[in-house]
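Numbering (my numbering), first residue to last: 12 to 256.
Heads up, the beta-carbon is just placed ideally off N, CA and C, and yes, glycines get one too.
Working notes for the structure below.
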Amino acid sequence: MTFRAVVLTLYPEMFPGPLGISLAGRARDEGKWTLDAIQIRDFAADKHRTVDDTPAGGGAGMVLRADVLASAIDHARSLNPDAPVIAMTPRGKPLTQTRVRELADGPGVIVLCGRFEGFDERIFAGRQVEEVSVGDIVLSGGEPAALMLLDACIRLLPGVMGAASSGTEESFENGLLEYPHYTRPAEWEGRTIPEVLRSGDHAKIAAWRKSQSEIDTRLRRPDLWERHDDARVQSASGARREKKD
Ligand code: SAH
């Protein structure tokens with residue numbers, strides 16, 4: 012099955028951009044995914060091709076019109092009827108590797124890129140649009156966020172990544188950050204590689220990596236660690252309950 016990405020944007024020339032080279036570009040050449048970057052302005056109803064208007068209630072900036080967005084979304088859905096429609100917005104649910112994996116397992120995605128102050132709020136309920144954020148930052152437009160979302164999905168498509176295991180061992184895949192990596196030279200500017208990694212003892216190396224991954228997550232991302240710990244406690248108590256019945 013080919014993963015079909017449909018992007019709705021005021022700047023279709025930004026696509027495929029970085030997704031046209033390296034891993035994603037090669038995968039596209041091989042037909043593992045396709046991309047349609049569609050100009051939202053083509054769905055404006057007036058002769059000036061207006062897509063935005065001033066905010067109701069006043070204030071700075073312009074807001075993307077719900078009626079124009081709806082026509083663009085309806086067109087995109089005709090191209091990929093089963094794909095979820097995702098709007099990139101800082102007000103959305105933070106993107107996670109779990110959601111990326113679900114999307115990569117599906118028929119593709121329709122991505123809506125905002126500009127200016129963003130979208131008329133009514134579009135989300137009116138067209139069943141999922142709101143997704145790529146972090147607690149504000150971009151000037153949804154395009155870089157869309158590229159990020161698509162990049163994360165594409166690398167997970169079957170046959171895209173070289174080593175099959177490198178997809179599952181990575182940061183976030185088990186709720187933790189990945190362990191740190193090293194390579195030659197063994198000594199660089201007086202800094203050495205942890206001795207255990209040069210021991211050749213695979214069990215010891217695996218244990219070291221697991222503990223580094225836990226330590227780093229606890230120190231760098233207490234939020235992830237807490238969730239991971241809660242899940243562990245819950246599954247342990249679930250297992251105990253199962254044994255009792
Ligand atoms: N006024 C909005 C920001 C608009 S930024 C607010 O304060 O919430 C313009 C566009 O950039 C948005 O419509 C959205 O498509 C995109 N964008 C900005 N930051 C983003 C983020 N963190 N995640 C996803 N999209 C973002």
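So, with DSSP's three-state summary, where would you put residue i?
{"i": "R37", "result": "helix"}
{"i": "K104", "result": "strand"}
{"i": "L167", "result": "coil"}
{"i": "M172", "result": "coil"}
{"i": "G12", "result": "Note on residue identity: the sequence assigns Met, not Gly, to residue 12. Coil, per DSSP."}
{"i": "M25", "result": "helix"}
{"i": "G119", "result": "strand"}
{"i": "F183", "result": "coil"}
{"i": "D64", "result": "strand"}
{"i": "L134", "result": "Residue 134 is actually Ile in this sequence, not Leu. DSSP places I134 in helix when its eight states are reduced to three."}
{"i": "A98", "result": "strand"}
{"i": "A56", "result": "coil"}
{"i": "A83", "result": "helix"}
{"i": "R195", "result": "coil"}
Report the option in the options whose CA atom is closest to the CA atom of residue i.
{"i": "T194", "options": "P233, R209, N185 and L106", "result": "R209"}
{"i": "M12", "options": "A115, L34 and P105", "result": "A115"}
{"i": "S144", "options": "L106, L230, G211 and L150", "result": "L106"}
{"i": "R37", "options": "M172, C124 and R202", "result": "M172"}
{"i": "I148", "options": "V244, G119 and G103", "result": "G103"}
{"i": "H59", "options": "H86, V79, D40 and G137", "result": "V79"}
{"i": "P92", "options": "E113, C124, R138 and A218", "result": "R138"}
{"i": "M25", "options": "D240, C124 and V140", "result": "C124"}
Excluding five sequence neighbours on each side, which residues of the same chain lie with their C-beta closer than 6 Å to the C-beta of residue i?
{"i": "P27", "result": "L46"}
{"i": "I51", "result": "L19, L21, V62 and A83"}
{"i": "G117", "result": "none"}
{"i": "V122", "result": "V18, I97 and A157"}
{"i": "T228", "result": "L187, L188, L235 and W236"}
{"i": "L230", "result": "none"}
Quick check: what's the CA-CA separation for residue i versus residue j?
{"i": "L168", "j": "G69", "result": "45 Å"}
{"i": "D256", "j": "R238", "result": "The predicted model places D256 with a pLDDT of 47, which falls under 50 and marks its position as unreliable; any figure quoted below should be read in that light. When rounded, the distance between both Cα atoms is 27 Å."}
{"i": "L90", "j": "I204", "result": "51 Å"}
{"i": "P155", "j": "A94", "result": "20 Å"}
{"i": "S33", "j": "N185", "result": "26 Å"}
{"i": "E200", "j": "Y190", "result": "22 Å"}
{"i": "T65", "j": "R126", "result": "13 Å"}
{"i": "G152", "j": "D53", "result": "18 Å"}
{"i": "S222", "j": "I216", "result": "10 Å"}
{"i": "Q245", "j": "R220", "result": "24 Å"}
{"i": "V207", "j": "R232", "result": "25 Å"}
{"i": "G31", "j": "W44", "result": "11 Å"}
{"i": "V74", "j": "A16", "result": "25 Å"}
{"i": "R39", "j": "A247", "result": "43 Å"}
{"i": "G146", "j": "R88", "result": "27 Å"}
{"i": "E181", "j": "A218", "result": "16 Å"}
Whose C-beta lies closer than 8 Å to the C-beta of residue i among residues of the same chain, with five residues either side of it excluded?
{"i": "R133", "result": "A77"}
{"i": "V111", "result": "L160, A163, C164 and L167"}
{"i": "A242", "result": "G186"}
{"i": "A214", "result": "none"}
{"i": "A197", "result": "T203, I204 and R209"}
{"i": "P29", "result": "A35, L158 and D162"}
{"i": "H86", "result": "I49 and F54"}
My guess is that residue i and residue j are in contact by the Cβ rule of under 8 Å, so how many angstroms apart are they, rounded?
{"i": "E142", "j": "F135", "result": "6 Å"}
{"i": "F130", "j": "T100", "result": "7 Å"}
{"i": "H23", "j": "A55", "result": "Note on residue identity: the sequence assigns Pro, not His, to residue 23. The Cβ separation is near 15 Å, so there is no contact."}
Taking 7 Å as the limit between beta carbons, can you name the residues of its chain near residue i, skipping five residues before and five after?
{"i": "E225", "result": "L187"}
{"i": "Q108", "result": "F183 and E184"}
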